[in-house]
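Visitor:
Residue numbers (the working numbering): -12 to 328.
This is the structure in structure tokens:
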């Protein structure tokens, strides 16, 4: 609570004193937020409009929104804001379901441009968007798909970041593979940044590979100081792969746009793939294009974006749970709901 104009306790209104008394007895203030539930190839998001009104959420509130039992449920929360730099249209912020803010999300970017167009925040087909590490361009196609300029992949381990001290890498094509001890087994993988860190390994069969066992071990491996997204790529042919990704802070998701780009970039650098590459995920297909012969060329990702439903959620100021009211029923436990004041 801010200082009163008169200063001191005498300036606090009766309502404010009542609110403070409630807080001191364990009650919290609830706030209602309008939201849109969207997905890109099954990677699902809660999208909030922070462009026309300020949205300031705590880590606990992000977790509450993303909770699939007592909240809306999502892999990530996307926040649309006004840009803080010149020459771009919007600011795009991404929060994992654990509440942590992350650098980039490709599937979310496709939903982002669909959201700002549907909300009337822009009528442009192509928008430039500020992300944590630079800017990206998003373009809506006539068929409803969105093409995202995902930027240029970075393979310098120091910039991923990945600690190579004491390791001996192995060259394959134009890439360097690094050995990683994963649950007692040595796995060789590419490390690449798409604005966020990725570790990609080639597997014989992505469907049967123990992703849920190895994913967490790779994600939190001490050689990745900022943790990492773990990709498991099965090569079908030179223009087609199957991919599963265990995402940092979210677990395995139905699709991961930056993970698809990282896998394709690593595969092309290793001499295993040719652009364009069709990427099969559990949530749907993505097409990745990369003119790797030209230094600095960005990866382009094409794929779907869909609006699922809209609604309003009541969220406690220091949320541990939330109740929602939308066109899709989300059951919540009355015993866990914070009281309104």
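Beta carbons: idealized from backbone N, C-alpha and C, even for Gly.
What you are looking at is a predicted structure, and each value in this text was computed from that prediction instead of being measured.
Identify, in the order they occur along the chain, each residue of the same chain with its Cβ nearer than 7 Å to the Cβ of residue 176, setting aside the five sequence neighbours on each side.
Guide: Excluding positions up to five away in sequence, the list reads 164, 165, 167, 186, 187, 188.
Visitor: Among 270, 263, 200, 204, which has the Cα closest to the Cα of residue 225?
Guide: Ranking the options by Cα distance to residue 225, first place goes to 263.
Visitor: Spatial neighbours of residue 207 within its chain, please: CB distance less than 8 Å, with the 5 preceding and 5 following residues excluded, ordered by chain position.
Guide: Contacts found: 214.
Visitor: If you count every other CB in all the chains shown that lies within 10 Å of the CB of residue 110, and 16 or more means buried, which is it?
Guide: Residue 110 comes out exposed.
Visitor: Going by alpha carbons, who is nearest to residue 335 out of 108, 128, 80, 68?
Guide: Residue 335 is absent from the structure shown; the chain starts at -12 and stops at 328.
Visitor: For residue 233, tell me which candidate among 261, 245, 198 has the shortest Cα-Cα distance.
Guide: Selected option, being the one with the closest Cα: 198.
Visitor: Around the C-beta of residue 13, are 16 or more other C-beta atoms found within 10 angstroms, so that it is buried, or is it exposed?
Guide: Low confidence applies to residue 13: its pLDDT is 48, below 50, so where it sits in the model is not reliable, and the reading given next is rough at best. Residue 13 comes out exposed.
Visitor: Please identify the residue among 216, 276, 217, 260 whose C-alpha is closest to the C-alpha of residue 329.
Guide: One cannot answer for residue 329 here, as it falls past the ends of the chain, which runs -12 to 328.
Visitor: Based on the DSSP secondary-structure assignment, which residues constitute the bridge partners of residue 26?
Guide: Paired residue(s): 31, 293.
Visitor: Using the Cβ count rule (16 or more neighbours within 10 Å means buried), how would you classify residue 130?
Guide: Result: exposed.
Visitor: Would DSSP call residue 64 helix, strand or coil?
Guide: Strand.
Visitor: Fully enclosed by the region 116 to 157, which beta strand (DSSP E) runs are 3 residues long or longer?
Guide: Counting whole runs of 3 or more residues, the region 116 to 157 contains the beta strand (DSSP E) stretches 121 to 127, 133 to 136.
Visitor: Let me check one thing: in DSSP terms, what residues is residue 184 bridge-paired to?
Guide: Bridge partners of residue 184: 180.
Visitor: For residue 38 and residue 273, I'd like the C-alpha separation in whole angstroms.
Guide: Taking the straight line joining both Cα atoms gives about 29 Å.
Visitor: Note down, in chain order, each residue of its chain lying with its Cβ closer than 6 Å to the Cβ of residue 31, except the 5 sequence neighbours on either side.
Guide: Cβ within range, chain order: 61, 62.
Visitor: Does residue 77 pass the burial test, meaning 16 or more other C-beta atoms within 10 Å, or should it be called exposed?
Guide: Buried is the call here.
Visitor: Are the beta-carbon atoms belonging to residue 91 and residue 67 less than 7 Å from one another?
Guide: No, these two residues do not count as a Cβ contact at 7 Å.
Visitor: Using only CA atoms, which one of 245, 237, 236 lies nearest to residue 230?
Guide: The shortest C-alpha separation from residue 230 is found at 245.
Visitor: Within 6 Å: the Cβ of residue 278 and any heavy atom of the ligand NAP?
Guide: The ligand NAP is not part of the structure shown, which contains no ligands of any sort.
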